[in-house]
Amino acid sequence: MPEIRCVECGMGIYIDAMGTPYEGEVGCPNCRTRMQVYVSQDGSRVERKYPSYNELKEVWEILSEVEKKSISEASLSLGVGAYTASEMMSLRCLESILRRIYGTSEMLGKLIERMENDNRLSDLKGILSYFKDVRNRVAHPEKVSSKLEAKSTFQMTKRLLIEIVNRLGR
Ligand SMILES: [Zn+2]
């Protein structure tokens, strides 16, 4: 029986796989983290089912309830393969915090322009142009997002949120 390690707490967990290759969902009995497990002849791969946002701990209390919920839903959607929904929730979270900070009800495209012209964020050109592209892509109803796109947007959203709070929001 193969043994895997919990990605969160490191606990060893035995997988009751009848045969390989095996793919399934496992919950850690210690910390309850849900994981997606792939076992094959060559070994096993363990992935967190719902990507973590522990990095946001330092800014969490600055976020509104809707923003917290949006990040949580972006993670949940990613875990179940709803990649377009996940990207939309990530963008929605950014849009919400930027509206609060800039005191406006503009749409995300305008808010990204504001950030580009904000000298407190001038070294973040790469990440801002990334979000410009994502916004344009997600705004097209005839396109759907890939897993890779949703994952990277989730990552980048967390990074940008931390920068926004630290530089503009405290
Ligand atoms: Zn665990």
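Each number in this note's numbering corresponds to the 1-based position in the sequence shown with 97 added. Every residue gets a Cβ at the ideal spot worked out from N, C-alpha and C, and that includes glycine.
- When the five nearest sequence neighbours on each side are left out, the beta carbons in the same chain lying within less than 8 Å of the beta carbon of L153 are those of L160, I168, K255, L258, I259, in order along the chain.
- With respect to I198, R232 sits apart: the two C-beta atoms are not nearer than 8 Å.
- In the three-state reduction of the DSSP assignment, R129 falls in the coil class.
- M186 has its CB no nearer than 7 Å to any heavy atom of ligand 1.
- Straight-line measurement puts the Cα of Y180 at about 19 Å from the Cα of V134.
- In the structure shown, S137 falls within a strand segment according to DSSP collapsed to helix, strand and coil.
- Comparing alpha carbon positions, the residue from S174, R211, L195 closest to M185 is S174.
- Beta-carbon to beta-carbon, R217 and R145 are separated by about 33 Å, too far to satisfy the 8 Å threshold.
- Residue side-chain check: N127 places its Cβ nearer than 7 Å to a non-hydrogen atom of ligand 1.
- Excluding sequence positions up to five before and after E155, its CB lies less than 6 Å from no other CB in the same chain.
- Boundaries for R264: no alpha helix (DSSP H) harbours it, and the DSSP string shows neither H nor E there.
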